[in-house]
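Numbering (the working numbering), first residue to last: 5 to 171.
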């Protein structure tokens with residue numbers, strides 16, 4: 005006598021295993037695509053050479069700190085959308101206004117290149133330098149304040165946020 009045989013059931017474990025890793029691969033593929041299509045490629049040009057000159061950079065920072073200059077800035081919208089008045093007040097170690105300096109305000113977008121803007125500022129009263137700048141977008145900007153006075157150089161960077169209603 006023979007017993008009737010039941011059909012053999014296949015295990016679902018291999019199917020579950022491959023389905024799980026398929027979902028993981030699809031999710032990774034989506035993340036890789038988004039990362040590559042949105043990354044702007046910000047990098048430091050000549051990073052190796054800048055690394056070699058790092059001690060020189062530290063000396064320049066030390067020299068700048070020894071000046072004890074005070075640099076304050078303000079930004080206000082003027083006239084047309086995207087146009088801003090930039091004013092920078094500079095005083096020396098004794099608190100006296102710094103006169104006859106060359107001052108540049110450079111607005112740099114921290115997320116991508118191509119829309120940075122610079123303004124050469126003019127001295128309107130002792131120690132107060134003003135100018136206008138046109139910016140393309142609202143949001144976070146790095147305001148790089150560059151000051152040259154005689155043989156001395158001073159550079160500071162400040163993060164500023166510009167509201168969308170000004171554009």
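For glycine and all other residues, C-beta sits at the position ideal for the given N, C-alpha and C.
*asked:* Can you confirm whether the segment 114 to 127 touches the segment 66 to 84 when touching is taken to mean that 3 or more C-beta pairs between the two stretches lie within less than 8 Å?
replied: Not touching, per the Cβ criterion.
*Determine, using beta carbons only, whether residue 107 and residue 150 come nearer to each other than 9 Å.*
In contact: residue 107 and residue 150 (Cβ atoms closer than 9 Å).
*What did DSSP end up calling residue 101 once you bin it into helix, strand or coil?*
If DSSP states are grouped into helix, strand and coil, residue 101 belongs with the strands.
*Which whole-angstrom value is the C-beta distance of residue 102 and residue 110, which I expect to be below 8 Å?*
Residue 102 to residue 110, Cβ: 19 Å. No contact.
*Going straight from the alpha carbon of residue 7 to that of residue 14, what length do you get?*
Going by the C-alpha atoms only, they are around 21 Å apart.
*asked:* Quick check on the burial criterion: 16 or more other C-beta atoms within 10 angstroms. Buried or exposed for residue 19?
replied: By the neighbour-count rule (16 or more Cβ atoms within 10 Å), residue 19 is not buried but exposed.
*What are the boundary residues of the beta strand (DSSP E) that residue 135 is part of?*
According to the DSSP assignment, residue 135 belongs to the beta strand (DSSP E) that extends over 132 to 138.
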